[in-house]
Structures are given as C-alpha cells and as structure tokens.
Amino acid sequence: MEQAQTNAERIYDQVITFAALYGGRILLAIITLMVGLWLIGWITRLLSSLMAKQHVDRDVQPFLLSMVNAVLRVLLLLSIANTLGVETTSFVAIIGAAGLAVGLALQGSLANFAGGVLILTFKPFRVGDLISAQGFTGTVEAIRIFDTILVTLDNKTIILPNGPLSTSSITNISTKGIIRVDQVYTVGSQNDLDATKASLLRVVNACPYALKDRSHDVLIAKLNANSRDYDVRVWTKSETYWETYYYMLENVARQFGRDGIEAPKPKMFITNEEPVIA
21 MEQAQTNAER
31 IYDQVITFAA
41 LYGGRILLAI
51 ITLMVGLWLI
61 GWITRLLSSL
71 MAKQHVDRDV
81 QPFLLSMVNA
91 VLRVLLLLSI
101 ANTLGVETTS
111 FVAIIGAAGL
121 AVGLALQGSL
131 ANFAGGVLIL
141 TFKPFRVGDL
151 ISAQGFTGTV
161 EAIRIFDTIL
171 VTLDNKTIIL
181 PNGPLSTSSI
191 TNISTKGIIR
201 VDQVYTVGSQ
211 NDLDATKASL
221 LRVVNACPYA
231 LKDRSHDVLI
241 AKLNANSRDY
251 DVRVWTKSET
261 YWETYYYMLE
271 NVARQFGRDG
281 IEAPKPKMFI
291 TNEEPVIA
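The C-terminal position of the sequence shown is numbered 298 in my numbering, with every residue numbered one higher than the one before it.
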C-alpha cells in the first residue's frame, strides 16, 4: 500500500515538473495553432476575394489558393515546433533538400505550370483567339495549366508547352477585333496605271468581308524594270481574316482576266552586232 502511494506521489511530482517546464510552451503552441489556422483561413479568403475583383481566371484561382495555403501551413508547423523547443534547423534542411530534388526532377513541368499560371493570370490571349506563336498559327482551343492547345487552319491540333509559350513572342491576331489584310500584286508595266488600280478597287469594294466604315488602300509599292508592285490593304474582322485573304487572291485573278490586266512579260533584246574579241 505504501509502495503504491509512493509511486503515485512520484508520478504526480513528475507531472507537476513536466507541466511547470513545458505547460506554458504547450499552451502557447495550442494558441499559436488556433490563431494560425484562423489567420490562414482569413488570408486565403482575402486572396480569393482580391482575385475575384481582379477577374483572375477561375481555372487558376484554386491552384494559387492551394499553393498559398500549403506554404502558410508549413510555416505554421515550423513556428509551433520552434515554440515547443524542437530544433527546426534540421527540418528546414530536410524540406529544402526535398524541394530541391523534386524541383530538379520536375523542372520542365514546374516551368510549364508557372507559365500556365502567368498565361491564365495576365491573359495575353483567350480561348477562341487566332494567334501565331512558336512557329504555328491557329485558333486557341484550350488553355490548360501545363499546355495550350491550338487548332491550325488545316485542322491540326498543336500542343504548346506553357513554359516556352509564356516567355516567347506571341502575335494575337484577334485582340483588336479588326485586322488589315496586306497583299502585294505584281503586274506588267505595259498595263495602264489607272486601269490597274481601278481593277483592284473593284475587287476591294465587292469583297463581302471588307469593313464599310474603313478606308482601304491600293497603292503603288515598287517600280521594277518591266513590272509594277501594288500594295492592297483591306480591313476586316479578325475572325474573317482568311476568308478575306483568299477572296482577294481568287477574285483579283478573275478581275484581271476580265479587265485585260496582264502579268509581267520578260523582254529580250537581240542585235546583229558581231561580238568583239579583245
């Protein structure tokens, strides 16, 4: 009986000693955990509200929020461990080494992920836009977190990694809503200048895709030895760029035939002079 009482008193003393030594730290760690979780939730909600006000794409919001949430939770756990007196240097070193190893193994994917976030955030182009990038021209069918899908004019599907795409030059043909179709036509210098311009203007004015509230140009661009180059500039909507382009090519050829506008003819000069041998 006395032995049991002695053991109980010893355990009680140890509990009291442990509480005296670590009770404050444990209580502070619990408070830190509760306050930290509340702050993380508040920061996450605030960030979500700010992204909504800035019209950040809904596809990228979950990724950003989850990344911020994960980073804040890791910092909170390190803070709690430090409060309890646990040495956090080794934990930080382990996390850093693991992050470095994962980063090196997935650096291509991480670059594409970061590129996808930038594209979805800053929107250099949107789904449905006609763009030229990485040597390809096509309509954007989808913008995914790791890649962007283009459909070319000949209906080929091109998958472009977002990493290089976000750091290279992009020509967005659809941004302004209207675009100018520039073409050059070469005719023989034997053709009447005014007749040639009138023939080109007939096609421009008849083009169903040409904007009626814009002025279109037919200009002499270059005078060659036996030909003239004409710049023809037609304004149209972005989505009808190629329709305008091919309409002009076909119908200019037809109109030239009707109006008798001829192509350049090579000239050859023949003389009867005998060659002089020096």
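Each residue gets a CB set at the ideal place from its N, CA and C atoms; glycine is no exception.
Considering only the beta carbon of each residue, do residue i and residue j sit closer than 8 Å?
i    : j    : result
I240 : R234 : no
T172 : L185 : no
T216 : I281 : yes
P286 : N246 : yes
L336 : S69  : For the chain, the structure presents residues 21 to 298; residue 336 sits outside this window and is missing.
I199 : Y261 : yes
V224 : V254 : yes
Q275 : S188 : no
F133 : F166 : yes
V238 : L221 : yes
L104 : R45  : yes
Ignore the nearest five residues each way along the sequence and tell me which others in residue i's own chain have a CB closer than 8 Å to its CB.
i    : result
G148 : T159, V160, S194
V204 : A241, D249, Y250, D251, V252
V91  : none
L53  : L96, I100
L231 : I198, W255, T256, K257
N271 : V223, A226, C227
L93  : Before going further, note that residue 93 is Arg rather than Leu in the sequence given. The answer, listed in chain order, is I60.
G277 : none
A298 : With a pLDDT of 46 at A298, under the threshold of 50, the predicted position of this residue should be treated as unreliable, though the coordinate-derived value follows. Counting only Cβ-Cβ distances below 8 Å, and skipping sequence neighbours, we find nothing.
D174 : none
Cutting at 7 Å between CB atoms, please list the residues of its own chain near residue i, excluding the five before and the five after it.
i    : result
N89  : I60, T64
C227 : V254, T264, Y267, M268
N192 : P144, F145, D149, I151
Have a look at the options and flag the residue whose alpha-carbon is nearest the alpha-carbon of residue i.
i    : options                : result
I151 : I190, I46, N225, K257  : I190
V252 : H236, E270, N244, D174 : H236
D212 : D279, G135, M54, V94   : D279
K196 : N244, P144, T103       : P144
Q74  : L140, R45, N102, L104  : L140
E259 : G183, A283, M54, Y229  : Y229
N102 : W62, L66, R146, I50    : I50
N244 : F142, T256, Q210       : Q210
Can you tell me whether residue i is buried or exposed? The criterion is at least 16 other CB atoms within 10 Å of its CB, across all chains shown.
i    : result
Y266 : exposed
L47  : exposed
L170 : buried
A273 : exposed
A283 : exposed
T177 : exposed
Ordered along the chain, which non-local residues of its own chain (more than five positions away) have a Cβ less than 6 Å from that of residue i?
i    : result
L96  : G56
L138 : S186
G183 : A131, N132, G135
Q154 : L180
M87  : none
| request: Starting from the N-terminal side, write out each stretch of the beta strand (DSSP E) that is 3 residues or longer and does not extend beyond the segment 132-201. | output: Secondary structure remark: continuous beta strand (DSSP E) runs of at least 3 residues inside the segment 132-201, in chain order: 150-153, 156-163, 167-172, 177-181, 190-192.
| field | Within the segment 211-244, ranges of the alpha helix (DSSP H) (whole runs, at least 4 residues) | value | Taken in chain order, the unbroken stretches of alpha helix (DSSP H) that lie wholly in the segment 211-244 and span 4 residues or more are 213-226.
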